[in-house]
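Written out below as structure tokens is the structure these notes cover.
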Amino acid sequence: MRVAIVHRVDRVEEDNLGELRELCRTAGYEVVYELKQVRPPHPEYHIGPGKVEELKKAIEMLGIERAVFENELKPVQEYNLAKELKIPILTRTKLILEIFSLHASSLEAKLQIKLAELKYELSRAKEKVRLAKKGEQPGFHGLGAYEADVYYDEIHRRIVSIARKLESLKKHMDLIRLERRKRGLPLISLAGYTNAGKSTLFNALAKENVPVDSRLFTTLTPTTRVVRLAGKPVFLSDTVGFIKNLPTLLVEAFYATLREIALSDLILLVADASDPVDKLREKIETSLQTLYNIGAHEVPILLILNKADLIDRDEIELKIEELDPDLPHVIISAKYGWGLGELQQKASELLRGFIRVETRLPYTDETVKMLDEIFKNSRVNLLNYEDKFIRLQAEMPIQLAEKIRRKFNSECFKVIR
Ligand SMILES: Nc1nc2c(ncn2[C@@H]2O[C@H](COP(=O)(O)OP(=O)(O)OP(=O)(O)O)[C@@H](O)[C@H]2O)c(=O)[nH]1
Ligand SMILES: [Mg+2]
């Protein structure tokens, strides 16, 4: 489908057509016309009437089937544009919703998106029905038959029903939470701008095979695995990416998913180091802001500068100096597995929740069982089978250490700094 993209900006504002083009490509659209205008929003069309004329000509000449606006449009502006241009009008929010719905594989993600779509529709329902009664328009099709209140109520009813279904579907997260509580292992979340390489890194660390793609928002449903970071077992989660101006509706719909990031013990904030420094800064800032918004500001962050294979290391160092982030960082290539050792080392240093213990265990059946649990849930640094006991040095979750101390009531149990 051939589309035109449009961004109206204020005087000092930069346009965001590059990212909008990427979003269109992700949705399967071919961008054949771009329009930028510097002006305050026009009440009727958002862009100026002169630009509407220009757009109309381009639509006829180039066979354009949709116009995508970076700006949020009022229902009346969308109505007027559809009437003049005779093609459906999309906004960035709608486009992102469309992409999310294309990529949603799990029932939970599908419902979350449906919920966001319905909420978006609800906020515009009454005005849209009122406008639709004036005549048939692309995008307003069929709405004229509705009474505004009936349409509004119907959407509202569907929202309530989906919210209820979602409530009973929080299984993935609940199971993980339970398993985590049982094993006492910390949670590390991969976060960052969409397309930064989070899933590629997840696959490298977890020896997994979650989908990776150069288009945006490939991951919508979180995946969690137990992996070893520098020998320490942790839960690692790959989840949905961030984007500038992520529609609030989507943040709300994905709140349960995003919230899990806020409950992590460490965040690996992945960024694409091959981006020009201004883009890189903007994406890191957007990511930090999003983390702040979901309440994750107290979780320690390790900045991962990924895609180091695409750019000189010196150049990355220069960028870091220019960015001067307050965060510890590490340079890697997830695709080629470069720097993963250093990443594990640094991540493991930032992880709270593990303590080093030294103890002696008696030769009993109980110990055999316990050793199994110790191997599963800690990093064993030394295990010596001596004459009367087994000497153990390990780094383990506090919970497990506490269990050992209680079980063997060991006087020789020592926590080492
Ligand atoms: N050259 C290079 N490409 C990479 C590297 N890591 C990831 N990529 C590519 O970047 C693109 C995005 O990778 P993903 O792992 O899907 O990124 P993501 O952050 O999970 O993206 P979303 O799930 O869509 O938010 C893919 O085309 C990857 O092959 C890297 O280290 N070097
Ligand atoms: Mg991904």
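Counting along the sequence shown from 1, when you hit position 78 you're at 78 in the numbering used here, and nothing is skipped either side. C-beta: ideal position from N, C-alpha, C; glycine also.
With which residues is residue i paired in a DSSP beta bridge?
i, result
"T359", "L392"
"N384", "R391"
"P397", "F354"
"L268", "L190, L302"
What number of angstroms, rounded off, separates the C-alpha of residue i from the C-alpha of residue j?
i, j, result
"I96", "E252", "14 Å"
"R281", "L201", "21 Å"
"L350", "E13", "38 Å"
"S378", "L236", "15 Å"
"L310", "G63", "37 Å"
"A271", "G48", "37 Å"
"S287", "H42", "32 Å"
"Y255", "K56", "40 Å"
"V52", "V31", "18 Å"
"G341", "L118", "45 Å"
"E366", "K232", "23 Å"
"K36", "L17", "8 Å"
"T290", "D275", "20 Å"
"T223", "K134", "48 Å"
"L392", "R181", "24 Å"
"I162", "L111", "6 Å"
"I316", "D278", "13 Å"
"K346", "V330", "8 Å"
"M370", "L263", "28 Å"
"D174", "E260", "10 Å"
For a quick check, are the C-beta atoms of residue i and residue j less than 7 Å apart?
i, j, result
"L81", "Y29", "no"
"R130", "A148", "yes"
"R25", "E65", "no"
"L305", "L269", "no"
"T221", "P211", "no"
"I89", "A27", "no"
"F69", "T91", "yes"
"L143", "K165", "no"
"D238", "L187", "no"
"L216", "N195", "yes"
"A4", "A104", "no"
"V9", "V38", "yes"
"Q77", "L229", "no"
"T364", "C412", "no"
"R177", "A206", "no"
"F354", "E402", "no"
Along the chain, where does the alpha helix (DSSP H) containing residue i start, and where does it finish?
i, result
"T367", "365-377"
"I332", "Counting along the chain, I332 falls outside any alpha helix (DSSP H), and DSSP gives it neither H nor E."
"A104", "Segment: none, A104 is in no alpha helix (DSSP H) and carries neither H nor E."
"E315", "313-323"
Where do the N-terminal and C-terminal ends of the beta strand (DSSP E) with residue i fall, by residue?
i, result
"A4", "2-9"
"K414", "414-416"
- Item | Ordered list of alpha helix (DSSP H) runs contained in the segment 270-311, each at least 4 residues | 277-293
- In chain order, each alpha helix (DSSP H) run of at least 4 residues that lies wholly inside the segment 185-259: 198-206, 248-253
- Query: Which ranges does the beta strand (DSSP E) cover as unbroken runs of at least 3 residues, wholly within the segment 122-187, from first to last along the chain?
  - Reply: none
- Message: I'd like the ranges of any alpha helix (DSSP H) spanning at least 4 consecutive residues and lying wholly in the segment 27-90.
- Response: Annotation note: the segment 27-90 contains the following uninterrupted alpha helix (DSSP H) runs of length 4 or greater, listed N- to C-terminal: 49-62, 75-85.
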